[in-house]
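Numbering (the working numbering), first residue to last: 799 to 934. Even glycine gets a Cβ: it sits at the ideal position worked out from N, Cα and C. If you're wondering where the values come from, they're calculated on a predicted model, not measured in any experiment.
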């Protein structure tokens with residue numbers, strides 16, 4: 799019988815590749831949420847999903863929760879922006895562009911490890927734009 803939860807292959811900091819099984823689908827019992835959510839957060843970090851853009855994370859969450867999550871998510875009737883990260887991502891990106899221009903900072907600042915650590919700390923789901931995707 800095939801494995802119902804195929805493992806995800808990931809590579810961390812040039813370390814050897816290892817496999818991480820995805821969490822089982824959510825039971826949709828309120829009492830199970832905290833434990834399932836913790837497992838998903840651990841999976842998100844260990845698999846590198848937390849480094850992906852907002853809509854990839856949202857789609858992964860819905861997929862891993864199971865088929866019932868699809869109908870619940872569709873009932874929200876979210877616009878494209880709200881479904882993929884929301885207005886907060888747009889506000890952060892606009893503030894970042896303003897900072898780079900106002901402070902005459904190099905465009906490459908968005909790729910520096912210190913800056914990436916800072917953004918992960920204040921907004922873990924935010925994915926800064928590449929210096930190649932934003933024109934000033």
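**Asked** Which word fits residue 894, buried or exposed, when buried means at least 16 other C-beta atoms lie within 10 angstroms of its C-beta?
**Response** Burial state of residue 894 is buried, judged by a 10 Å Cβ sphere holding 16 or more other Cβ atoms.
**Under the three-state DSSP convention, the category residue 865 falls into** = Helix.
**Item:** Reduced DSSP secondary structure (H/G/I, E/B, other) of residue 927
**Value:** Reduced to three states, the DSSP call for residue 927 is coil.
**Message:** Taking 8 angstroms as the cut-off, does the stretch 850–863 touch the stretch 818–828 (at least 3 CB pairs, one atom from each stretch)?
**Reply:** Counting C-beta pairs closer than 8 angstroms gives three or more between the stretch 818–828 and the stretch 850–863, which meets the contact rule.
**Asked** From what residue to what residue does the alpha helix (DSSP H) around residue 885 run?
**Response** Residue 885 -> alpha helix (DSSP H) spans 885–900.
**Separation of residue 900 from residue 870, as counted between CA atoms** = Going by the C-alpha atoms only, they are around 43 angstroms apart.
**Message:** Once DSSP output is grouped into helix, strand and coil, what is the label at residue 852?
**Reply:** In the three-state scheme derived from DSSP, where H, G and I count as helix and E and B as strand, residue 852 is classed as helix.
**Prompt:** In its own chain, which residues sit with a C-beta less than 6 angstroms from the C-beta of residue 925, not counting the 5 before and 5 after it?
**Reply:** If we look at residue 925 and ignore the five residues flanking it on each side, its Cβ neighbours are 851.
**Prompt:** In chain order, what residues of the same chain lie with their CB nearer than 8 angstroms to the CB of residue 934, ignoring the 5 residues before and after it?
**Reply:** Low confidence applies here, because residue 934 scores a pLDDT of 49, under 50, leaving its location unreliable; read the following figure in that light. Taken in chain order, the residues that qualify are 895, 898, 899, 905.
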